[in-house]
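S.K.:
Numbering (full-length UniProt numbering), first residue to last: 1 to 193.
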């Protein structure tokens with residue numbers, strides 16, 4: 001269950017936000033933002049807004065499974081005017097799983113939109129750093145919040161603090177409780193095998 005308001009936001013590609021909101025995936029993959037305080041990813045909050053990010057997104061079409069390429073174009077068309085961001089999702093982390101074996105991540109391909117190229121790239125970039133899979137419940141906010149992009153929101157960091165609290169009252173889960181638990185169990189089983 002989400003708190004009534006949130007200010008903490010996790011940056012994620014807009015196309016991944018769409019995948020979460022449409023129930024195609026329940027996971028995020030994290031290694032660390034380039035300018036994180038520690039250089040590694042830290043789970044700073046179990047509940048957060050999703051801050052859709054477009055930086056590098058369109059140049060990385062090969063990082064998505066081919067069937068999701070159109071989503072990338074559609075999300076670019078939905079992008080707000082320059083200088084603004086549209087916040088329309090929140091999430092609750094249910095599991096944090098360290099995944100050292102890239103083959104296990106590759107087995108999860110039907111559970112997410114990323115390509116093999118993307119998975120390999122995450123494992124090959126600074127290979128001594130761990131990769132974490134975040135399983136989460138995504139929620140559609142009752143209304144989208146279009147906010148000006150402030151200088152503090154920029155940079156290659158995972159976490160930001162939104163200046164004004166955003167209400168989550170009335171947010172709807174992207175998938176039913178039953179479907180979420182079924183997919184969560186399947187994902188954990190695939191990682192254990």
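All C-beta atoms in this analysis are idealised placements derived from N, C-alpha and C, irrespective of residue type, glycine included.
What is the DSSP secondary structure of residue 144, reduced to helix, strand or coil?
M.R.: Residue state, collapsed to three classes: strand.
S.K.: Assign residue 81 to one of two classes, buried (16 or more other C-beta atoms within 10 Å of its C-beta) or exposed (fewer than that).
M.R.: Classification for residue 81: exposed.
S.K.: To which residues of the same chain is residue 31 closer than 8 Å at the C-beta, ignoring the five residues directly before and after it?
M.R.: Excluding residues within five positions, the ones whose Cβ falls inside 8 Å are 40, 41, 122, 125, 126, 129, 130, 131 and 132.
S.K.: Buried or exposed, going by whether 16 or more other CB atoms sit within 10 Å of the CB of residue 165?
M.R.: With fewer than 16 other Cβ atoms within 10 Å, it is exposed.
S.K.: Residue 178 to residue 84, Cα distance in whole Å?
M.R.: Cα to Cα, residue 178 sits roughly 36 Å from residue 84.
S.K.: Mind checking which residues open and close the alpha helix (DSSP H) that includes residue 192?
M.R.: 177 to 192 is the extent of the alpha helix (DSSP H) around residue 192.
S.K.: What are the start and end residues of the alpha helix (DSSP H) that includes residue 51?
M.R.: Premise fails: residue 51 lies in the beta strand (DSSP E), 47 to 53, not in any alpha helix (DSSP H).
S.K.: Closer than 8 Å is the cut-off here; do at least three beta carbon pairs connect the segment 87 to 102 with the segment 154 to 172?
M.R.: Result yes; three or more Cβ-Cβ pairs closer than 8 Å.
S.K.: In three-state DSSP terms, what is residue 27?
M.R.: Looking at residue 27 - three-state DSSP - the assignment turns out to be strand.
S.K.: Where are the alpha helix (DSSP H) runs, 4 residues long or more, that stay fully inside the segment 71 to 159, in chain order?
M.R.: Complete alpha helix (DSSP H) runs here, min 4: 102 to 107 and 116 to 124.
S.K.: Going by CA-CA distance only, name the one from 75, 147, 1 and 8 that's closest to residue 161.
M.R.: Looking at the Cα atoms, 8 is the closest of the given residues.
S.K.: Among the candidates 43, 110 and 154, whose CA atom is the shortest distance from the CA of residue 67?
M.R.: That would be 110, whose Cα lies nearest to the Cα of residue 67.
S.K.: Note down the Cα distance separating residue 156 from residue 53, rounded to an integer number of angstroms.
M.R.: The alpha-carbon atoms of residue 156 and residue 53 are separated by roughly 10 Å.
S.K.: So, are the CB atoms of residue 25 and residue 145 less than 7 Å apart?
M.R.: No, they are not a contact pair.
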